[in-house]
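Just so we're aligned: 393 in the working numbering is position 392 of the sequence shown, and the numbers increase by one with no gaps anywhere.
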Amino acid sequence: MLWFNLLLLFTVAISSGDSYKILTLFHIPIKSHHILASKLVKELARKGHEVTFVTPFPEKTPEKNVKEISLEGLQALFPPGTTCTSEFKKEDTSLLQKAIFVDQIQYNFTKYLLSHEKIHDLLKTQEHYDAVLLYYYLNDAMLALAHHFKAPVVLFASMPLYVSASFLLSHPSPSSYVPNILTDFTGRMTFYQRLQNSFLDAFMILYYQWFMLPQHQALVDAYVPGKPDLYQILNNESLVLLNSHVSTNEAVPVVPNAVEIGGFHIEEAKPLPKDLQKFLDDSKNGVVLFSMGSIVRSAHFPKDKRKILIDVFSKLKMNVLWKFEQELPDLPPNVKIMEWIPISDVLAHPNVKVFITHGGLLSTMEGVYHAVPLVGIPIFADQKMNMALATSYEYAVEVSYQELTEEKLSQAVDEVLKNPKYKENIQRRSKILRDRPLKPIDSALYWIEYVIRHQGAPHLRYPGADLNWLQRNLIDVAALVAVVVLVPVFALIVILKRLTKNKIKHKKE
Ligand SMILES: *[C@@H]1O[C@H](CO)[C@@H](O)[C@H](O)[C@H]1NC(C)=O
Ligand SMILES: *[C@@H]1O[C@H](CO)[C@@H](O)[C@H](O)[C@H]1NC(C)=O
Numbered sequence: 002m003l004w005f006n007l008l009l010l011f012t013v014a015i016s017s018g019d020s021y022k023i024l025t026l027f028h029i030p031i032k033s034h035h036i037l038a039s040k041l042v043k044e045l046a047r048k049g050h051e052v053t054f055v056t057p058f059p060e061k062t063p064e065k066n067v068k069e070i071s072l073e074g075l076q077a078l079f080p081p082g083t084t085c086t087s088e089f090k091k092e093d094t095s096l097l098q099k100a101i102f103v104d105q106i107q108y109n110f111t112k113y114l115l116s117h118e119k120i121h122d123l124l125k126t127q128e129h130y131d132a133v134l135l136y137y138y139l140n141d142a143m144l145a146l147a148h149h150f151k152a153p154v155v156l157f158a159s160m161p162l163y164v165s166a167s168f169l170l171s172h173p174s175p176s177s178y179v180p181n182i183l184t185d186f187t188g189r190m191t192f193y194q195r196l197q198n199s200f201l202d203a204f205m206i207l208y209y210q211w212f213m214l215p216q217h218q219a220l221v222d223a224y225v226p227g228k229p230d231l232y233q234i235l236n237n238e239s240l241v242l243l244n245s246h247v248s249t250n251e252a253v254p255v256v257p258n259a260v261e262i263g264g265f266h267i268e269e270a271k272p273l274p275k276d277l278q279k280f281l282d283d284s285k286n287g288v289v290l291f292s293m294g295s296i297v298r299s300a301h302f303p304k305d306k307r308k309i310l311i312d313v314f315s316k317l318k319m320n321v322l323w324k325f326e327q328e329l330p331d332l333p334p335n336v337k338i339m340e341w342i343p344i345s346d347v348l349a350h351p352n353v354k355v356f357i358t359h360g361g362l363l364s365t366m367e368g369v370y371h372a373v374p375l376v377g378i379p380i381f382a383d384q385k386m387n388m389a390l391a392t393s394y395e396y397a398v399e400v401s402y403q404e405l406t407e408e409k410l411s412q413a414v415d416e417v418l419k420n421p422k423y424k425e426n427i428q429r430r431s432k433i434l435r436d437r438p439l440k441p442i443d444s445a446l447y448w449i450e451y452v453i454r455h456q457g458a459p460h461l462r463y464p465g466a467d468l469n470w471l472q473r474n475l476i477d478v479a480a481l482v483a484v485v486v487l488v489p490v491f492a493l494i495v496i497l498k499r500l501t502k503n504k505i506k507h508k509k510e
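In structure tokens:
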């Protein structure tokens, strides 16, 4: 009887609260992004909401309450392997070229989604949604889909906001102390770094405004009924969920309708497969975990770099667990290769002592969560910035990919193992990541429901969001002051000069 009552209580507890209909739009065919989007969708569904989920990664058995609209074809626009080979080479291209590449590939994803007939069918349904959750990353045309359903818009950013997004959303992101995601700067920049940062920010904002937004508008005109004007519907979001946190990112100004939920994807450690558990248990000297994430395949490491890795690993007293997607001949006995590794669950094992990572944000957060010090080999995107911060917080040692030598890598692993400060610092960061008023996923759910309960919560919108950039930064005021103060002063100087000249002339005469 007691059990029955408890069960009843439990059911009431989880089903209390309203159930909402939420449309989730997600356009990026990259696994690490999928982890984030699907985590949000799953938790919304578990809370009793009905979620329609547009995704390139349909599940074999979707969660109860989730209706998937599968856009698997998107995966062909970014096949794992082909693009990553070039990612290693892209090291040599400039930041500006990288920025343009990202803008364009995201536009391609957006175009695929908007032109898909399943999306046209969705637009015809006349379905009512209580909110639209939009994965927001250089896909502004998709805002028109959200607008079409006339529901409060919740944007989700998989990392701190991209600079062009901050600009369009009027989210404060001054170039003076918010480093551009593509740089390897931290918030404390030298004069020269601030100069570079301002230039890069300005370039990325203007390029997106002038070259990408018109293309997004053209997509809207072609595929969205009513052809809404993007400039009208931009910057009308009810809420922005940011996948960042002061533990792994930096303290930045966040407006009242933006909420940091960094770390929300990390779940309680699940039991490991038997052979993996045994390998970790038996590694009495400790384990080095090595993974380059989901985009970069270890198989695309050129031969010479691969040899460096194997040489370093073979000389370690510890065992090495390596995420590698193919067979490797002549493997040293202390190295175990697995095609897929549950990174977070492995990091939770006490024998794991070092995590060699590409420095992706999710991996970095998992390393910090489980307090395993890092050796970072960043390749692209935000990885350099993440590692620049991690080394400034002194819980990681960075090894540049170009300068990856046997000596440098083994020194880095040695340093992280032998110098206790790395472990201490990452334990401190781990505490910061875990010490929150609400678990980050609960915070996400709370705020999504909040904006629905309050009809889009316009009261959270700060007045500055309705000013244009010139007004918000008081450039207009500065210009007027310049005219009113500087012009008379300048005129006075000119007049005085003339007069004195005349006097001198008079005297001479
Ligand atoms: C985007 O698509 C166009 C046309 O299909 C293609 O030529 C271009 O290379 C793609 N851009 C990227 C960055 O993948
Ligand atoms: C802006 O958002 C509010 C609240 O969600 C909505 O009522 C309004 O129609 C939106 N405006 C535009 C132009 O989309």
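All residues carry an ideal CB built from backbone N, CA and C; glycine is no exception. Since we're looking at a predicted model, the values are computed, not measured.
Nearest to residue i by CA position, among the options, is which residue?
i	options	result
N387	L410, V313 and L362	L362
K22	V485, F150, N236 and L329	F150
S299	E326, Y447 and D305	E326
H129	F58, M160, S176 and H148	H148
P441	Q98, V478, G49 and S248	S248
A391	P374, A252, A382 and I380	P374
S401	I357, D331, G368 and Y394	I357
K112	P229, I449 and Q218	Q218
V288	D276, N320 and I36	N320
G294	F27, H34, T25 and V260	H34
N286	L410, V355 and E269	V355
L139	F157, K125 and Q127	F157
K40	L500, L446 and P215	L446
S176	T94, L201, P153 and A152	L201
S159	Q98, I31 and L410	I31
H371	K419, K424, K409 and E416	K424
Buried or exposed: where does residue i fall if 16 or more other Cβ atoms within 10 Å of its Cβ makes it buried?
i	result
V133	buried
Y137	buried
G74	exposed
L242	buried
W323	buried
F291	buried
H359	buried
V221	buried
N258	buried
R454	exposed
T83	Low local confidence applies: a pLDDT of 49 at T83 is under 50, so the model's placement there is unreliable, with the coordinate-based value given in what follows. By the neighbour-count rule (16 or more Cβ atoms within 10 Å), T83 is not buried but exposed.
D282	exposed
G18	exposed
G368	buried
L169	buried
L24	buried
F192	exposed
Between residue i and ligand 1, is the CB less than 7 Å from at least one heavy atom?
i	result
N109	yes
F102	yes
Q210	no
I31	no
Q105	yes
Could you pull the start and end residues of the alpha helix (DSSP H) that residue i belongs to?
i	result
A132	No alpha helix (DSSP H) contains A132, which is instead part of the beta strand (DSSP E) from A132 to Y136.
F168	V164 to L169
E450	P441 to R454
V417	E407 to K419
L207	F192 to Y208
A479	I476 to V482
Within the continuous beta strand (DSSP E) that includes residue i, where are the two ends?
i	result
M339	V336 to M339
L322	N320 to K324
G368	Looking at the DSSP string, G368 is not in any beta strand (DSSP E); the run it does join, the alpha helix (DSSP H), is L362 to Y370.
F302	Counting along the chain, F302 falls outside any beta strand (DSSP E), and DSSP gives it neither H nor E.
L354	Note that residue 354 is Lys in the sequence shown, not Leu. Note, K354: beta strand (DSSP E), V353 to T358.
E261	A259 to E261
V247	Taken as a continuous stretch (DSSP letters only), V247 belongs to no beta strand (DSSP E), as it is neither H nor E.
S292	V288 to S292
F157	V154 to A158
A397	A397 to E399
Compute every distance between the C-beta of residue i and the non-hydrogen atoms of ligand 2, then say whether any falls below 7 Å.
i	result
Q233	yes
N237	yes
K151	yes
G1	Given that the chain is displayed from residue 2 to residue 510, the structure contains no residue 1 and the question cannot be resolved.
H148	yes
In the stretch 26-98, which residue ranges form an unbroken alpha helix (DSSP H) of at least 4 residues, counting only runs that do not cross its ends?
32-47 and 83-91
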